[in-house]
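Top to bottom, those sequences are chains C and Z. Letter by letter, the first sequence follows residues 4 to 373 of this note's numbering. Letter by letter, the second sequence follows residues 4 to 373 of this note's numbering. C-beta atoms are modelled at their ideal positions from N, C-alpha and C, and glycine is treated no differently.
There are 2 protein chains.
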Amino acid sequence: MFEEAFGRVLAEPIAAMHDSPATDVSAMDGYALRWSDVASRTISVVGTVAAGRAPISLPSGAAVRIFTGAVIPPEADLVVQREHCLEQSDTIELQCPPESLRKGLNIRKRGENARAGDPVLSAGQLIRPQTMAGIASFAHTNQLTVYRRVRVCIINTGDELISLGEPFEPWQIRDSNGPMLEAMLSPLEWVHARRMRVRDTLESIEQAIRNALVDHDAILLTGGVSMGDMDFVPQAIERVGGKIIFHRIPIRPGKPMLGAATNEGKLFLGLPGNPLSVATTFRRYGLSLLQSIGGIAQQEVAPVEKVICDDEKKLNLLWFRLVQRRSDGVLVVASSQGSGDVASLAKCDGFVEIPPGEIASGFRRFYRFS
Amino acid sequence: MFEEAFGRVLAEPIAAMHDSPATDVSAMDGYALRWSDVASRTISVVGTVAAGRAPISLPSGAAVRIFTGAVIPPEADLVVQREHCLEQSDTIELQCPPESLRKGLNIRKRGENARAGDPVLSAGQLIRPQTMAGIASFAHTNQLTVYRRVRVCIINTGDELISLGEPFEPWQIRDSNGPMLEAMLSPLEWVHARRMRVRDTLESIEQAIRNALVDHDAILLTGGVSMGDMDFVPQAIERVGGKIIFHRIPIRPGKPMLGAATNEGKLFLGLPGNPLSVATTFRRYGLSLLQSIGGIAQQEVAPVEKVICDDEKKLNLLWFRLVQRRSDGVLVVASSQGSGDVASLAKCDGFVEIPPGEIASGFRRFYRFS
Numbered sequence: 004m005f006e007e008a009f010g011r012v013l014a015e016p017i018a019a020m021h022d023s024p025a026t027d028v029s030a031m032d033g034y035a036l037r038w039s040d041v042a043s044r045t046i047s048v049v050g051t052v053a054a055g056r057a058p059i060s061l062p063s064g065a066a067v068r069i070f071t072g073a074v075i076p077p078e079a080d081l082v083v084q085r086e087h088c089l090e091q092s093d094t095i096e097l098q099c100p101p102e103s104l105r106k107g108l109n110i111r112k113r114g115e116n117a118r119a120g121d122p123v124l125s126a127g128q129l130i131r132p133q134t135m136a137g138i139a140s141f142a143h144t145n146q147l148t149v150y151r152r153v154r155v156c157i158i159n160t161g162d163e164l165i166s167l168g169e170p171f172e173p174w175q176i177r178d179s180n181g182p183m184l185e186a187m188l189s190p191l192e193w194v195h196a197r198r199m200r201v202r203d204t205l206e207s208i209e210q211a212i213r214n215a216l217v218d219h220d221a222i223l224l225t226g227g228v229s230m231g232d233m234d235f236v237p238q239a240i241e242r243v244g245g246k247i248i249f250h251r252i253p254i255r256p257g258k259p260m261l262g263a264a265t266n267e268g269k270l271f272l273g274l275p276g277n278p279l280s281v282a283t284t285f286r287r288y289g290l291s292l293l294q295s296i297g298g299i300a301q302q303e304v305a306p307v308e309k310v311i312c313d314d315e316k317k318l319n320l321l322w323f324r325l326v327q328r329r330s331d332g333v334l335v336v337a338s339s340q341g342s343g344d345v346a347s348l349a350k351c352d353g354f355v356e357i358p359p360g361e362i363a364s365g366f367r368r369f370y371r372f373s
Numbered sequence: 004m005f006e007e008a009f010g011r012v013l014a015e016p017i018a019a020m021h022d023s024p025a026t027d028v029s030a031m032d033g034y035a036l037r038w039s040d041v042a043s044r045t046i047s048v049v050g051t052v053a054a055g056r057a058p059i060s061l062p063s064g065a066a067v068r069i070f071t072g073a074v075i076p077p078e079a080d081l082v083v084q085r086e087h088c089l090e091q092s093d094t095i096e097l098q099c100p101p102e103s104l105r106k107g108l109n110i111r112k113r114g115e116n117a118r119a120g121d122p123v124l125s126a127g128q129l130i131r132p133q134t135m136a137g138i139a140s141f142a143h144t145n146q147l148t149v150y151r152r153v154r155v156c157i158i159n160t161g162d163e164l165i166s167l168g169e170p171f172e173p174w175q176i177r178d179s180n181g182p183m184l185e186a187m188l189s190p191l192e193w194v195h196a197r198r199m200r201v202r203d204t205l206e207s208i209e210q211a212i213r214n215a216l217v218d219h220d221a222i223l224l225t226g227g228v229s230m231g232d233m234d235f236v237p238q239a240i241e242r243v244g245g246k247i248i249f250h251r252i253p254i255r256p257g258k259p260m261l262g263a264a265t266n267e268g269k270l271f272l273g274l275p276g277n278p279l280s281v282a283t284t285f286r287r288y289g290l291s292l293l294q295s296i297g298g299i300a301q302q303e304v305a306p307v308e309k310v311i312c313d314d315e316k317k318l319n320l321l322w323f324r325l326v327q328r329r330s331d332g333v334l335v336v337a338s339s340q341g342s343g344d345v346a347s348l349a350k351c352d353g354f355v356e357i358p359p360g361e362i363a364s365g366f367r368r369f370y371r372f373s
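Have a look at this one:
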């Protein structure tokens, strides 16, 4: 069933199996006739052809009634739309001026959209709804080859974390990063994600990573990634053979972010523990890394959109500011207390990227969370 | 499990169960101390408090080592970040100028993000990943009330339709509308969709609609909606008690589109049979009608984006033109042969809406297909 390929990444190109349209078809409800008969006032109607029926033959001096999408009789040169004909019991009279008619009128020519063999889809395309239309129309078989899913393990670190539903002390924090990241990944059919929470010790993080490496392609960690004595993620990654590629980048929020990889090409992304940092760094960097692993050739580019902001703050780093879309479509920068402000995060649509030294208002790249 | 609520529509407001943060916590790794002790050069360190631990008491004249997210001792007034302290075996020496210190420094105050009882989420919100973060953080229980799914039946009409994998004659057409519409609906957790194909007769369409009305809230039909003698959808809808609310609207593609409803509020949307019409009319009108039925209070507004087009064509109706997003983010109008051009559709990201009498280039509302 090719329907199961929806949301996966196509691993083979698809060329058109046949011309599209596969034969000349009518673009209108009307009458098909020969160009040489156009001069006649009255033409006898000798048959009807509807969409999905085999073609019929058109004798000289006659017309056939034809419906949109139906095959043009091989002898016919044009279709006169029904509104331009006076219909009688078994004849029609053309009512339009002769100069409004021409050969090919109201005929969709065989192959005018695509020729058999034309490339329609390429390997590395994410299969979206419109891609499904292309596959359904042009593929040779209903067995498609897609890339295997990217296996992602989400590991939330932090002794302060508890889950919604557990008894709560004021010095604890509900884990929102786990459910949020899982929700960001779950609509992606090309990803298989699981999630776990580990204690804040070097040993438990190291063990969790080591286990996850066995059957995952990428590991997303939250928390424990700064330079402090309680930040065990960098060390744990190095202990299992991960090479740190970057650690700390000039962004807000999310500065302590870490990227690493094993020699086998498995990926680690250490995201800071604050929910805003997780939301923005995963969306801005993590998603496209996963897309690369997943074989997605052409990644979605963030649109540039109009942003308004009621402050003129600037930072000397790349600044991700939460925005809400206003009813007129404009993005408005949200007031937020900081990277722990989940209440603001929950109300926003995404964030915009402000270059160093610039104010937020203007035209900015917009990243949707969903 | 509240995780199952992802993608559904919240049917109850959620107010914060507790202050956020729930207590004063440290924003930094460093040392918590009393404001009255800031003048001392050397301060003894009497303990450590990490995130997730119960608060400890701070004697006068002393400091405790503290980590990001950990509870501030009730007697402490500020946190000096570690980088500003000279750390010795069991004392610290403050190295920063006294004027850089103030009461409250590096303390995230209890409730600064949200107060217990503050409204965080409202009924009618679609539960997106960032909404999950809000629920995980603030909900009172892990049992949420969501609206029931909108049950949608997709009915594809057309005797010319066959499925990918079936033997193919040139006068037949592969059904792309069915798989495409199904794929547009399948990521929507708040929708339950099924799909069927029916013969092009009044009786079979009427029977299919009648059956579908039993256990569906909305029926999406494709094909058979024009004014011709083979267009049975309007009549079939009226026969089962549907009242036609609109039929034919000044748009391209999709002009023959029909909207109807029963007295019980069940919705019919008759979309034309051409794939581009189906893609654009469903995305532009169908989706928001389903959102209304589903209880989604605030519908997503289409962004206004920069569009370029290499022609200056205008039409006297609302024109939906396919676009592809270029690598710089700008939307480029695709050349398309017409509403049967599935090859173009498959390569596009969505469409822009051109008002009557205007050229495409400019700033236009953009509708993504996915």
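Measure from the alpha carbon of residue i to the alpha carbon of each residue in the options, then state which is nearest.
| i | options | result |
| --- | --- | --- |
| Asp-10(Z) | Gly-298(Z), Val-333(Z), Asp-40(Z) | Just to set this straight, residue 10(Z) is Gly in the shown sequence, not Asp. Ranking Gly-298(Z), Val-333(Z), Asp-40(Z) by Cα distance to Gly-10(Z) puts Gly-298(Z) first. |
| Ala-300(C) | Gly-127(C), Pro-58(C), Phe-271(C), Thr-134(C) | Gly-127(C) |
| His-143(Z) | Ile-362(Z), Met-20(Z), Thr-204(Z), Leu-293(Z) | Met-20(Z) |
| Pro-358(C) | Ser-338(C), Val-48(C), Leu-318(C), Lys-350(C) | Leu-318(C) |
| Arg-131(Z) | Ser-280(Z), Trp-193(Z), Gln-91(Z) | Trp-193(Z) |
| Gln-98(C) | Gln-146(C), Ser-39(C), Ile-46(C) | Ile-46(C) |
| Val-28(C) | Phe-271(C), Phe-141(C), Asn-214(C), Asn-116(C) | Asn-116(C) |
| Ile-240(Z) | Tyr-370(Z), Ile-17(Z), Leu-205(Z) | Leu-205(Z) |
| Asp-218(Z) | Val-67(Z), Val-153(Z), Val-123(Z), Ser-207(Z) | Val-153(Z) |
| Ala-282(C) | Lys-350(C), Glu-303(C), Asp-121(C) | Lys-350(C) |
| Leu-108(Z) | Ser-373(Z), Pro-76(Z), Glu-303(Z), Gln-84(Z) | Gln-84(Z) |
May I have the straight-line CA-CA distance separating residue i from residue j, to the nearest angstrom?
| i | j | result |
| --- | --- | --- |
| Pro-173(Z) | Leu-188(Z) | 30 Å |
| Arg-286(C) | Arg-255(C) | 14 Å |
| Gly-360(Z) | Tyr-288(C) | 42 Å |
| Ala-35(C) | Thr-148(C) | 43 Å |
| Arg-198(Z) | Arg-44(C) | 47 Å |
| Pro-306(Z) | Asp-352(C) | 12 Å |
| Val-333(C) | Lys-309(C) | 6 Å |
| Leu-81(C) | Gln-238(Z) | 30 Å |
| Phe-369(Z) | Gly-64(C) | 50 Å |
| Leu-270(C) | Gly-262(C) | 8 Å |
| Arg-200(Z) | Gly-168(Z) | 16 Å |
| Asn-180(Z) | Leu-124(C) | 18 Å |
| Val-326(Z) | Gly-276(Z) | 21 Å |
| Leu-184(Z) | Ala-215(Z) | 17 Å |
| Asp-40(C) | Glu-315(Z) | 37 Å |
Can the beta-carbon of residue i be found less than 8 Å from the beta-carbon of residue j?
| i | j | result |
| --- | --- | --- |
| Gly-273(C) | Leu-321(C) | no |
| Gly-161(Z) | Gly-257(Z) | no |
| Ala-139(C) | Asp-178(Z) | yes |
| Ile-252(Z) | Met-260(Z) | yes |
| Val-74(C) | Pro-62(C) | no |
| Val-52(C) | Ile-69(C) | yes |
| Leu-290(C) | Ser-342(C) | no |
| Ile-157(C) | Ala-119(C) | no |
| Gly-18(Z) | Tyr-150(Z) | The question names Gly, but residue 18(Z) in the sequence shown is Ala. For Ala-18(Z) and Tyr-150(Z), no; Cβs fall outside 8 Å. |
| Gly-268(Z) | Thr-71(C) | no |
| Pro-16(Z) | Pro-122(Z) | yes |
Quick check on the burial criterion: 16 or more other C-beta atoms within 10 angstroms. Buried or exposed for residue i?
| i | result |
| --- | --- |
| Ile-311(C) | exposed |
| Val-89(Z) | As written in the sequence, residue 89(Z) is Leu, which differs from the Val given in the question. With fewer than 16 Cβ atoms within 10 Å of its Cβ, Leu-89(Z) is classed as exposed. |
| Gly-245(Z) | buried |
| Pro-101(C) | exposed |
| Ser-330(Z) | exposed |
| Ala-136(Z) | buried |
| Gln-146(C) | exposed |
| Met-31(Z) | buried |
| Glu-86(C) | exposed |
| Pro-24(Z) | buried |
Got a sec: is the Cβ-Cβ distance from residue i to anything in chain B below 8 Å?
| i | result |
| --- | --- |
| Met-199(C) | Given the protein chain composition of this structure (C and Z), no chain B is represented. |
Legend entry - Entirely enclosed beta strand (DSSP E) segments - the segment 222-288 of chain Z, minimum 3 residues: 246-250, 261-264, 270-274
Inset, instruction - List in chain order: all unbroken beta strand (DSSP E) runs of 3+ residues lying wholly within the segment 166-207 of chain Z. - result: 194-201
Inset, instruction - Give, in chain order, every unbroken run of the beta strand (DSSP E) that is at least 3 residues long and sits entirely within the segment 103-179 of chain C. - result: 122-124, 153-160
Inset, instruction - Pick out the complete beta strand (DSSP E) segments inside the segment 8-51 of chain C, 3 residues or longer, and give them in chain order. - result: 33-36
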